[in-house]
Each structure stands twice: as structure tokens, then as C-alpha cells.
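In the working numbering, the protein residues as written are 103 to 357.
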């Protein structure tokens with residue numbers, strides 16, 4: 103190799119050496135940046151892992167809390183359902199108690215209505231008795247005599263009909279002025295037909311318990327005072343009322 107070529111090579115080395123140094127510095131800088139980026143990447147990975155783990159723990163915790171809340175909610179729902187059933191049962195029981203009271207009130211109302219109607223019927227019949235006596239201008243004794251005129255002595259009684267048409271020991275025995283005192287009583291019969299010391303004959307089931315002086319008894323007093331002193335007990339009035347109705351029919355026929 104000639105000296106010129108050698109010289110040229112030396113010049114090229116001198117020119118390229120600074121470039122190599124520059125390239126080396128750049129390479130070292132790149133390596134340093136790479137190392138830094140690698141370290142930062144590792145740190146980021148660690149941080150990510152840490153955050154992921156924290157997030158996972160939070161998720162598990164939240165999930166557990168949610169499950170716990172769901173369990174509590176289910177428990178509360180069950181309790182609420184039991185309370186609802188209990189309240190529903192209590193409401194049904196109260197309603198049944200009210201229904202029972204209502205049914206009892208209906209029965210009582212119906213019974214009271216029947217009693218009222220029965221009493222009203224009895225009082226109506228009693229007023230009819232008074233009105234009939236006043237309208238016909240007869241005394242209780244005469245009404246009784248007319249009503250019983252066609253009766254024969256009842257079974258288990260004795261005696262014969264009197265001139266006034268009244269049969270001893272019959273429905274109208276109390277009103278007969280010519281009757282002797284019945285068994286179990288004392289004294290003698292009065293002009294009004296009432297036996298002394300008693301409002302009744304020996305056979306109460308055969309007697310009508312009207313006072314002899316019915317002409318002087320106010321209708322309202324009969325309605326409000328001791329009705330047992332003036333009229334037969336329950337079950338015996340109808341016999342007299344039927345007798346009175348029959349007498350009225352006979353009166354109409356006579357007219």
C-alpha cells in the first residue's frame with residue numbers, strides 16, 4: 103500500500119473517531135433510557151398487581167357484604183312475611199269476632215222483633231176486647247156469658263149451665279155471679295163474679311183473669327200495670343180470644 107492510501111485511511115479514522123464517540127454516547131443514553139423504562143415498567147407491573155389485588159379484595163369484600171345484605175334482606179323479608187301472615191290472621195279473627203257479634207245481634211233483633219210482635223198482638227187483642235165490650239154496651243160478665251153460652255162443660259169439670267149461659271168451671275167461670283167458691287178458695291162468690299181471696303178459679307188453665315170491675319179499668323193501665331192480674335198467662339189467652347171472635351161472629355149473624 104502506497105503512502106497516499108495510508109494517509110487517506112488515517113484521515114478517515116480521524117474523521118470517524120469522533121462519530122464513534124458520539125454514537126457510543128448515544129448508545130449509552132439509549133441504554134440508560136431502556137434501563138429506566140424497564141425499571142419503570144417493572145414498577146408499574148408491581149403497582150398494577152398491587153392495585154389489582156386491592157381491587158380484588160375490595161370486590162370480595164363488597165361481594166361478601168352484598169351476600170350478607172342479601173341474607174339479611176331475605177331474613178327481613180321472611181320476618182315481614184311472618185308479620186303479614188300474623189296480621190292477616192289477626193284481622194281474620196277480628197272479622198270473625200265481629201261477624202259473631204253481628205250474627206248474635208241479628209238473632210237478638212229477630213227474637214226481640216218476634217217478642218214485640220207477639221206482645222203487640224196480645225195488646226191488640228186486649229184492646230179489641232175492651233173496644234168490643236164498650237161498643238156492644240155489655241159488661242164483662244155479659245160478654246163472657248154470650249161467648250160461653252154454647253159451650254158444654256170441659257173435660258174434667260163438673261156442673262151444668264146456668265140461666266145466664268155460663269158453665270161452672272169453664273173458661274168464664276170467674277164471671278158467674280151464681281157460682282160457689284172453687285176448691286182451694288174460701289168465701290162466697292160476689293155479685294161481680296170474682297171469688298174472694300183469689301183472682302183465679304181452682305183450675306187456672308180454664309180461667310180468664312179479668313177483674314169484675316173491668317168497666318173502671320183504664321186501657322193504658324191494663325197495658326202498663328200487672329197484666330197477669332187481668333189476663334191469662336201465655337198460652338191461654340188465645341182460647342179466650344177465639345171465644346170472643348166467635349161471639350162477635352154470632353152477633354153479626356143475629357143482625
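For each residue, glycine too, the CB sits at the ideal point set by N, CA and C.
| query | result |
| --- | --- |
| In angstroms with no decimal places, state the Cα-to-Cα distance between residue 236 and residue 207. | 42 Å |
| Using beta-carbon positions only, say whether residue 234 and residue 350 come within less than 8 Å of one another. | yes |
| According to DSSP, simplified to helix, strand and coil, what is residue 103? | coil |
| Could you tell me the alpha carbon to alpha carbon distance between residue 112 and residue 128, rounded to whole angstroms? | 24 Å |
| Please report the straight-line C-alpha distance between residue 210 and residue 183, rounded to a whole angstrom. | 40 Å |
| When you compare only the Cα positions, how much space is there between residue 196 and residue 181? | 22 Å |
| Report the rounded CA-to-CA distance for residue 192 versus residue 163, giving the unit in angstroms. | 42 Å |
| Distance check for residue 141 and residue 381, CA to CA, integer angstroms please. | Any answer about residue 381 is impossible in this case: the structure gives the chain only from 103 up to 357. |
| So, is residue 110 buried or exposed, given that buried needs 16 or more other C-beta atoms within 10 angstroms? | exposed |
| For residue 174, which residues from the same chain have a beta carbon less than 7 Å from its beta carbon, with the 5 sequence-adjacent residues on both sides left out? | none |
| Return the CA-CA distance between residue 178 and residue 139, expressed in angstroms with no decimal places. | 56 Å |
| What does the alpha-carbon distance come out to for the pair residue 121 and residue 133? | 18 Å |
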